[in-house]
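Numbering (our numbering), first residue to last: 4 to 963.
Glycine included, C-beta positions come from ideal geometry on N, C-alpha and C.
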């Protein structure tokens, strides 16, 4: 009997493209459709198993049980150590593989990490998930982590997915808000964070974001196929975010029915639908119907399936064996990973301020104080902590410590008695006329933004509202996707209050049986009086007064007031925490403030008064050891901020305004004085900078500028310095960043030791996006090199000149002017010109305008055809040099259209448009959309242009 010939797709000796084509050719259409969902169907007849996309692995494996928990992503980036970040990614990848071997269905090898959204605004609820406000540094760290996850071998360990494409920095109304991205912000800021990991092959998958960009859902972005896929020669898998496909016909109402929407998504580049959890039936039916209706062709399905299969091939699924087959559960939280977690946590700690109190000497007794002093937090994308070394535990290993949580203990009085909690596993809260006092005590946690949590003293469990609305003290703390353990304290007359449940918005009422239940009627809310049993700040101050040093640990709860689905309104510490810091400092001036958070705080009072301030992200299982190592000086605080710390939210623009150039946002453009600048971080020694040298005084676009500087440890202790290199273009046609990070090097030096640090700047990287010609350009201009300790602590400067291009005035006759390619604007928003592709601008305020700088009308323009739409109609006016008082060269009325997508061309005769001028298109009414302007030269100008063209041909010999 002859043995069956093995399928070609299982032969690892064949080229990958041939193997994919072979398998694709063996699949029926129905089998291919089954591969377009997150839960890809098995194909038993070919020996294909099921496959699931989407294992969370942001800073260690998540949702799979106990696993190594590393610092949050923002903390990993604060190490400024890409190799360390790569090691963390590699350890995470190993643990994911171990979980996969244990449960292939529950732990897939397509990991949804890293997050490379630039941290444009520190109020973003998911700030902790990103790396930096700088797109280049984000790209460096994202690439390092993804490379670790992927592994260095041809066969991938895991398949990393970049999140979330594109312009996603707000949680409020995230599925329906549109992020306005002018071309320069798109190309110079947003895309720069995503490109490196994909271009280098570190990341092999992409997830579009929930929001819209310029009016079009990111799930349907034409940039996915037109641009992102051009960055790599490999097949890129594009997966939707959870339930995002349904948004297209739901809250976004972008299409009328799912077949039409899903067909559009597949054509736009989506390969895998994350919809309805593990129930793919509806999704696959929509795709089948789209095929039946002719909205999709089988070749569209083939393209998506090829992308999905390519990842599985590269993971070695169809090979006889992989290099990772021997990875077992023993790798999870193994000693080497624990040591790595400690090293990552230590290097992530940033010393924001030190008046000399640190490092600690040999204190006899430390008062360890604060709501985060003896607990470690898990965020939504954390693994389960296998163990927890808290700040208190870490310090207690070094000296005698005493602890106070520093939160108020209160009782809630209502008509008929006090609110009482149950013991042991908890019980429904009820008002009782008489009971043991301890049963009526609650510890009140202030997590900022008006969000409070109540922990019953009776059993140490938190009060939560069940699905039935009953309040029970049975939870370990705020937890879950829908946090049901937080409340607002709504004021009532005569000092009373009512509890409002944050998750549901319902008030807490008093049922007839005396239990506390949620009610939809605010007037039925139970009127309560909050009585102070013990002041947390006072008790903490009393403890601090008798200690040698007080260490106060404050910060955020990762699931409250700043998390996925919820942005912060401000930047201040929670009021109760601020009061705690002040009380402790008043009692003991030798106070160290330790902040543990996933985002910056405006700790202006502490900066002015407290002698030392330390920050880190939530640092994972080894946080306490890392903190003790730094506070006692065993390790130099080598972390540096990757995000500006502002003094107030008043220093920030509207959260929904993504134009960092127009709003002077991020360290790139911010002109104010920050509390702590980008790149900031103190150490325990001093460093001197000298001998700045540049390899050339003049360079061209294809050159590399080499910058060298000598750094010396001028102190008496070994220390770590992060040498940072910035550049600034001193003259330009456009607004340039005040400074932009171009390189850095982390160095450790002994006292008196010097080292020459060399960094290279690719001159091509100095390019900016030229809206006049739709491409990057290296401009002919003088530049400055700035080297120092942060974006504001510059120690040495040098100058060089780039012999680049000079951007000519716009030629309005060469091609139409795209309205989105304006130089400046006011009172408009960017919108989609069509459902599939194209951008346009729409007036939002009467008198809004767009400007095109230096338009060369030469001898004169006869007319301008504007491509426009408006459901209400309106008027557009064309002015020269000023939107209010400039000469009017034309005006046109726009008739009402059926929809804003019904763009039509309207000709506007022009008078006086000659020579070089700034052109303003003024929207006299709101609601008018303009996609482009096409100019016709005056007859004499036409003749002159023909003459010039003929002369040019003659100068080249007239050859054809």
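- Mapping DSSP to helix, strand and coil, what is residue 227? Of the three classes helix, strand and coil, the one that applies to residue 227 here is helix, per DSSP.
- Message: Looking at the secondary structure, which residues open and close the beta strand (DSSP E) in which residue 913 lies?
- Response: Premise fails: residue 913 is in no beta strand (DSSP E) and is neither H nor E.
- Can you tell me the Cα-Cα spacing of residue 366 and residue 391, whole angstroms? So the alpha carbons of these two residues sit roughly 24 Å apart.
- Message: Could you tell me which whole alpha helix (DSSP H) segments of length 4 or greater appear in the region 377-432?
- Response: Runs found: 394-399.
- Sequence-distant residues of the same chain with beta carbon closer than 7 Å to residue 473, five excluded per side: Closer than 7 Å at Cβ, skipping near neighbours: 431, 518, 520.
- Query: Assuming residue 879 contacts residue 217 under a Cβ cut-off of 8 Å, what Cβ separation, rounded to an integer in Å, is found between them?
  - Reply: Actually they do not touch by this definition, with Cβ atoms about 20 Å apart.
- Message: Closest to residue 486 by C-alpha separation, out of 456, 494, 188, would be which residue?
- Response: Checked all of 456, 494, 188; the closest Cα to residue 486 is 456.
- Task: Examine the Cβ distances between the region 589-599 and the region 542-555 and report whether three or more of them are shorter than 8 Å.
- Result: Yes, they touch.
- Query: Whose C-beta lies closer than 6 Å to the C-beta of residue 310 among residues of the same chain, with five residues either side of it excluded?
  - Reply: Once the five neighbours on either side are set aside, the close Cβ partners of residue 310 are 238, 240, 274.
- Item | Nonlocal neighbours in the same chain, by C-beta distance under 6 Å from residue 856, ignoring five residues either side | Correct list, in chain order: 826, 921.
- Query: CB residue 444 to CB residue 460, shorter than 7 Å?
  - Reply: Between residue 444 and residue 460, the gap from beta carbon to beta carbon is short of 7 Å.
- Look at the alpha carbon of residue 853 and the alpha carbon of residue 926, and state the distance between them as a whole number of angstroms. Whole-angstrom Cα-Cα distance: 9 Å.
- If you follow the beta strand (DSSP E) that residue 656 is part of, which residue opens it and which one closes it? Following the DSSP letters along the chain, one finds residue 656 in no beta strand (DSSP E), marked with neither H nor E.
- Item | residue 608, DSSP secondary structure in three states | Residue state, collapsed to three classes: helix.
- Message: With a threshold of 8 Å, are at least 3 pairs of Cβ atoms found where one atom belongs to the region 692-705 and the other to the region 170-179?
- Response: The answer is no - the region 170-179 does not touch the region 692-705, with fewer than three Cβ pairs under 8 Å.
- In whole angstroms, what is the alpha-carbon distance linking residue 369 and residue 404? Looking at the two C-alpha atoms, the distance is approximately 5 Å.
- Give every residue of the same chain whose Cβ lies closer than 6 Å to the Cβ of residue 580, excluding the five residues on either side of it in the sequence, and list them in chain order. Excluding residues within five positions, the ones whose Cβ falls inside 6 Å are 557.
- Report yes or no: do the region 140-152 and the region 725-734 share at least 3 C-beta pairs separated by less than 8 Å? The region 140-152, when compared against the region 725-734, does not touch it at the 8 Å Cβ threshold.
- Counting pairs of beta carbons, one from the region 719-733 and one from the region 743-751, are three or more of them closer than 8 Å? These segments touch.
- Item | Bridge-paired residues (DSSP) for residue 940 | Looking at the DSSP assignment, residue 940 forms a beta bridge with 864.
- Message: Rounded to whole angstroms, what is the Cα-Cα separation between residue 28 and residue 204?
- Response: Residue 28 and residue 204 have their C-alpha atoms roughly 27 Å apart.
- Could you tell me whether the region 669-689 touches the region 593-611, where touching means 3 or more Cβ pairs closer than 8 Å? Taking 8 Å as the limit for Cβ pairs, the verdict is that the region 593-611 does touch the region 669-689.
- Message: With a threshold of 7 Å between beta carbons, is residue 744 in contact with chain B?
- Response: Among the protein chains of the structure shown there is no chain B, as only one such chain exists.
- Task: Determine the contact status of residue 934 and residue 836, defining contact as a CB-CB distance below 7 Å.
- Result: Yes; because the gap between Cβ atoms is below 7 Å, this pair is in contact.
- Message: Quick check on residue 567: does DSSP put it in helix, strand or coil?
- Response: Residue 567 falls in the coil class under three-state DSSP.
- Would you call the region 304-324 and the region 75-83 in contact, with 3 or more CB pairs under 8 Å? Output reads no: the region 75-83 does not touch the region 304-324.
- Run the CB neighbour count on residue 535, radius 10 Å, all protein chains shown included, and call it buried at 16 or more, exposed below. Exposed, because fewer than 16 other Cβ atoms sit within 10 Å of the Cβ of residue 535.
- Query: Can you list, in chain order, the stretches of the alpha helix (DSSP H) that have 4 or more residues and sit fully within the region 128-164?
  - Reply: Taking only runs of at least 4 residues, the alpha helix (DSSP H) segments lying wholly in the region 128-164 are 138-153.
- Message: Cutting at 6 Å between CB atoms, please list the residues of its own chain near residue 80, excluding the five before and the five after it.
- Response: Taken in chain order, the residues that qualify are 134, 135, 144, 645.
- Query: Helix, strand or coil: how does DSSP classify residue 4 here?
  - Reply: Residue placement at residue 4 cannot be trusted, given a pLDDT of 33 that sits under 50; the coordinates are not used to answer.
- When DSSP labels each residue in this structure, what does residue 308 get in the three-state scheme? Helix at residue 308.
- Task: For residue 347, I'd like the list of residues in its chain whose CB is within less than 7 Å of its CB, leaving aside the five on either flank, ordered along the chain.
- Result: Sequence-distant partners of residue 347 (beyond 5 residues in either direction) whose C-beta falls short of 7 Å from its own C-beta, in its chain, are 73, 74, 79, 82, 87, 91.
- Message: Three Cβ pairs or more, each shorter than 8 Å: is that satisfied between the region 905-914 and the region 855-869?
- Response: In this structure the region 905-914 touches the region 855-869; the number of beta carbon pairs closer than 8 Å is three or more.
- Beta-carbon separation (whole angstroms), residue 687 vs residue 720, contact threshold 8 Å: Your pair residue 687 and residue 720 checks out as a contact, with CB atoms roughly 5 Å apart and the cut at 8 Å.
- Message: Pairs of beta-carbons, one from the region 383-402 and one from the region 628-635, closer than 8 Å: are there three or more?
- Response: By the C-beta criterion, the region 383-402 is judged to be in contact with the region 628-635, since at least 3 inter-stretch pairs fall below 8 Å.
- Item | Bridge-paired residues (DSSP) for residue 523 | BP columns for residue 523 are empty, so no partner.
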